[in-house]
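Asker: Pasting a structure here, questions to come.
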Ligand code: SF4
Ligand code: SF4
């Protein structure tokens, strides 16, 4: 499995520098849609393609600044289309239905051109998890991905108090298991993802106390407070892969934010790409049109005054509707301990990501009494507890209606 069909090994491909990767991009585009050199920039009538490849921290890989994710993908067509436009990084997880298996169906000559990051199931990481359990989970993902080595393997969802306290991320078995897997050649790098309330504390600890290679925070124009972690990651040469950069984009009419061919979502991506130390943004790409739209934001960081105005309008429209990743400011206000931030995140999956079934399953799996069934008739002790001014009770009542099977 190490050697691909065209004689290029996964190891040798990933070991190349920028020129090698860009060269590979030329090979990729030649088959289905013409060479990268023939691509015209967005706005001139041609197909968009990746304009910038960034260093992925100490991995040394030159990664497309826009990268592919899609937990609900049914086959490889969208991923191949994205690769054709120069995307060379795919983000997946054991939890994302059959996505690992589908990636494993890519022709080896294509798969070997990708940097593949997967995340192990969040629930396997506890303060008691053993090395053996983590190594077994890595073996399972290797099998599903149909490969003999994962480029980067992540702890899924550190910083989530529902899954455990601070001891969870600090369990020494995590680092020792990843080191063993790396020594055995099963993974090349390791890291952690988070959009939980303790994201800053857990990433801070991991960066200070381990050799973590990658962090994957939920972040976008509406979030605040991650800047010190981003700076620390840069100091430690750990890669930063942003996620949820569009998750604020809930049911919104983008047309009124169109400006010179760019959409509000592209302006949001530009904002994220301008943040310190960001290597790439992992984005859910559900259609060919979305891929073209997102790839069209590649290489952009300078924000024009017009785009700033677009973002200001966007922020004003969402300010009192968007539950921020990494926030838990209201949880203590609910005497029934309703999982407010989780429920509002599931609602985003339902409304913005097109992942209705996934969102409904997550909602149905909440512990008894922790869903929003009681909010409909509650006096609303949570009222006024959101620093961002969300009307929590109404939002939860809406979410309950949408997410209830
Ligand atoms: S409406 Fe009532 S039950 Fe629902 S989150 Fe607020 S305080 Fe808790
Ligand atoms: S509702 Fe407001 S306070 Fe509660 S988690 Fe969301 S953003 Fe934070």
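In this note's numbering, the protein residues as written are 617 to 1021. Every residue, glycine too, gets a C-beta built ideally from N, C-alpha and C.
What is the DSSP secondary structure of residue 616, reduced to helix, strand or coil?
Answerer: Absent from the structure is residue 616, since the part of the chain shown begins at 617 and ends at 1021.
Asker: If you check the beta carbons only, do residue 801 and residue 765 fall under 8 Å apart?
Answerer: Looking up residue 801 in the chain shown gives position 185. Looking up residue 765 in the chain shown gives position 149. Cβ distance < 8 Å, so residue 801 and residue 765 count as in contact.
Asker: Can you say whether residue 992 is buried or exposed, counting buried as having 16 or more other CB atoms within 10 angstroms of its CB?
Answerer: Counting from 1 along the chain shown, the entry for residue 992 is found at position 376. Exposed, by the Cβ-count rule.
Asker: Let me have the residue list for ligand 1: C-beta closer than 5 Å to any non-hydrogen atom, ordered along the chain.
Answerer: Listed along the chain, these residues meet the criterion: 950, 952, 954, 990, 991, 994, 996, 997, 998 and 1009.
Asker: Since residue 681 and residue 914 are thought to touch, with beta carbons under 8 Å apart, how far apart are those beta carbons, to the nearest angstrom?
Answerer: What you label residue 681 is simply residue 65 of the chain shown in a count that begins at 1. What you label residue 914 is simply residue 298 of the chain shown in a count that begins at 1. The pair is a contact, with the Cβ atoms about 5 Å apart (cut-off 8 Å).
Asker: According to DSSP, simplified to helix, strand and coil, what is residue 922?
Answerer: Position 306 of the chain shown, counted from the start, is the residue given in the question as residue 922. Reduced to three states, the DSSP call for residue 922 is helix.
Asker: Going by the beta-carbon positions, is the gap between residue 1008 and residue 946 smaller than 8 Å?
Answerer: Position 392 of the chain shown, counting from 1, holds the residue named residue 1008. Position 330 of the chain shown, counting from 1, holds the residue named residue 946. Yes, the pair counts as a contact, with Cβ atoms nearer than the cut-off.
Asker: With which residues is residue 769 paired in a DSSP beta bridge?
Answerer: Translated into positions along the chain shown, residue 769 becomes position 153. Its beta-bridge partners are 734 and 806.
Asker: Taking DSSP as the reference, what is the three-state secondary structure of residue 1054?
Answerer: Any answer about residue 1054 is impossible in this case: the structure gives the chain only from 617 up to 1021.
Asker: Where does residue 666 sit, in a helix, a strand or coil, going by DSSP?
Answerer: Indexing the chain shown from 1 puts residue 666 at position 50. Coil.
Asker: To the nearest angstrom, how far is it from the Cα of residue 1003 to the Cα of residue 937?
Answerer: Walking along the chain shown from the start, residue 1003 turns up at place 387. Walking along the chain shown from the start, residue 937 turns up at place 321. Those two C-alpha atoms are separated by around 12 Å.
Asker: Counting pairs of Cβ atoms below 8 Å between the stretch 804-812 and the stretch 774-789, do you hit three or more?
Answerer: Yes, they touch.
Asker: Given this structure, state the Cα-to-Cα distance separating residue 667 from residue 922, to the nearest angstrom.
Answerer: Residue numbering aside, residue 667 sits at position 51 when the chain shown is read from its first letter. Residue numbering aside, residue 922 sits at position 306 when the chain shown is read from its first letter. C-alpha separation (whole angstroms): 22 Å.
Asker: So, at 6 Å on beta carbons, what are the nonlocal neighbours of residue 649 in its own chain, with the 5 sequence-adjacent residues on each side left out?
Answerer: As a position in the chain shown, residue 649 is number 33, starting the count at 1. The pLDDT assigned to residue 649 is 27, lower than 50, so where the model puts this residue is not dependable, and the model offers no usable value.
Asker: Write down the C-beta distance between residue 955 and residue 986 rounded to the nearest angstrom, noting that I regard them as a contact closer than 8 Å.
Answerer: Walking along the chain shown from the start, residue 955 turns up at place 339. Walking along the chain shown from the start, residue 986 turns up at place 370. Sure, about 5 Å apart at Cβ, within 8 Å.
Asker: Does at least one heavy atom of ligand 2 sit under 7 Å from the Cβ of residue 936?
Answerer: Taking the first residue of the chain shown as position 1, residue 936 is located at position 320. For ligand 2, not one heavy atom lies less than 7 Å from the Cβ of residue 936.
Asker: Specify, as a first and last residue, the run of the beta strand (DSSP E) that residue 992 falls within.
Answerer: For this step, residue 992 is matched to residue 376 along the chain shown. Careful: residue 992 lies outside any beta strand (DSSP E) and carries neither H nor E.
Asker: Between which residues of its own chain and residue 803 is the CB-CB distance below 6 Å, once the five residues before and five after are set aside?
Answerer: The count along the chain shown starts at 1 and reaches residue 803 at position 187. 766, 769 and 797.
Asker: Could you tell me which of 702, 747, 892 and 861 sits nearest to residue 792, measuring between CA atoms?
Answerer: Residue mapping note: residue 792 aligns to position 176 of the chain shown, counting from 1. Selected option, being the one with the closest Cα: 747.
Asker: Considering only DSSP beta bridges, list what residue 894 is partnered with.
Answerer: By 1-based counting over the chain shown, the position of residue 894 is 278. Answer by DSSP bridge pairing, in chain order: 856.
Asker: Below 8 Å on the Cβ atoms is my guess for residue 949 versus residue 998; work out the distance and round it to an integer in Å.
Answerer: As a first step, residue 949 must be located in the chain shown, where it is residue number 333. As a first step, residue 998 must be located in the chain shown, where it is residue number 382. With 8 Å as the limit, residue 949 and residue 998 qualify as a contact, their Cβ atoms being about 4 Å apart.
Asker: Nearest by alpha-carbon distance to residue 687: which of 957, 939 and 903 is it?
Answerer: One-based indexing of the chain shown puts residue 687 at position 71. Of 957, 939 and 903, the residue nearest in Cα terms is 903.
Asker: Is residue 861 closer than 8 Å to residue 673 when the C-beta atoms are compared?
Answerer: Taking the chain shown and counting its residues from 1, the one referred to as residue 673 is at position 57. Taking the chain shown and counting its residues from 1, the one referred to as residue 861 is at position 245. No.
Asker: Inspect the CB distances between the stretch 699-717 and the stretch 885-892 and report whether three or more fall short of 8 Å.
Answerer: The stretch 699-717 is not in contact with the stretch 885-892.
Asker: Considering only C-alpha positions, which residue in the set 960, 885 and 984 is nearest to residue 1014?
Answerer: The count along the chain shown starts at 1 and reaches residue 1014 at position 398. It is 960.
Asker: Are there any heavy atoms of ligand 2 lying less than 7 Å away from the beta-carbon of residue 827, as far as the coordinates show?
Answerer: On the chain shown, position 211 is the one that residue 827 refers to. Because no heavy atom of ligand 2 lies under 7 Å away, the Cβ of residue 827 does not count as near it: no.
Asker: Quick one: is residue 944 near chain B, going by C-beta distance under 8 Å?
Answerer: This model lacks chain B altogether; it includes just one protein chain.
Asker: Report the start-end ranges of each alpha helix (DSSP H) in the stretch 790-835 that is 4 residues or longer and not cut off at the edges.
Answerer: Here the runs fully enclosed are 815-825.
Asker: Would you call the stretch 732-748 and the stretch 834-849 touching, i.e. three or more CB-CB distances under 8 Å?
Answerer: Segments in contact, no.
Asker: Could you tell me if the beta carbon of residue 841 falls within a distance shorter than 7 Å of some heavy atom in ligand 2?
Answerer: Walking along the chain shown from the start, residue 841 turns up at place 225. Incorrect: residue 841 has no Cβ contact closer than 7 Å to ligand 2.
Asker: Let me make sure I understand the geometry here. Which of 850, 934 and 773 has the alpha-carbon closest to that of residue 1006?
Answerer: Against the chain shown, residue 1006 aligns to sequence position 390. Of 850, 934 and 773, the residue nearest in Cα terms is 934.
Asker: Just the C-alpha distance for residue 854 and residue 743, rounded to the nearest angstrom, thanks.
Answerer: Against the chain shown, residue 854 aligns to sequence position 238. Against the chain shown, residue 743 aligns to sequence position 127. Straight-line Cα distance between these residues: approximately 24 Å.
Asker: Going by beta-carbon coordinates alone, are residue 724 and residue 773 separated by less than 8 Å?
Answerer: Taking the first residue of the chain shown as position 1, residue 724 is located at position 108. Taking the first residue of the chain shown as position 1, residue 773 is located at position 157. Going by C-beta atoms, residue 724 is not nearer than 8 Å to residue 773.
Asker: Which first and last residues belong to the alpha helix (DSSP H) in which residue 705 is found?
Answerer: As a first step, residue 705 must be located in the chain shown, where it is residue number 89. Premise fails: residue 705 lies in the beta strand (DSSP E), 705-707, not in any alpha helix (DSSP H).
Asker: Quick one: does the C-beta of residue 946 sit closer than 7 Å to a heavy atom of ligand 2?
Answerer: Numbered from 1 along the chain shown, position 330 holds the residue referred to as residue 946. Yes, the beta carbon of residue 946 sits closer than 7 Å to at least one heavy atom of ligand 2.
Asker: I'd like to confirm something about residue 750: is its beta-carbon nearer than 7 Å to some heavy atom of ligand 2, or not?
Answerer: Within the chain shown, numbered from 1, the residue matching residue 750 stands at position 134. No, the beta carbon of residue 750 sits no closer than 7 Å to any heavy atom of ligand 2.
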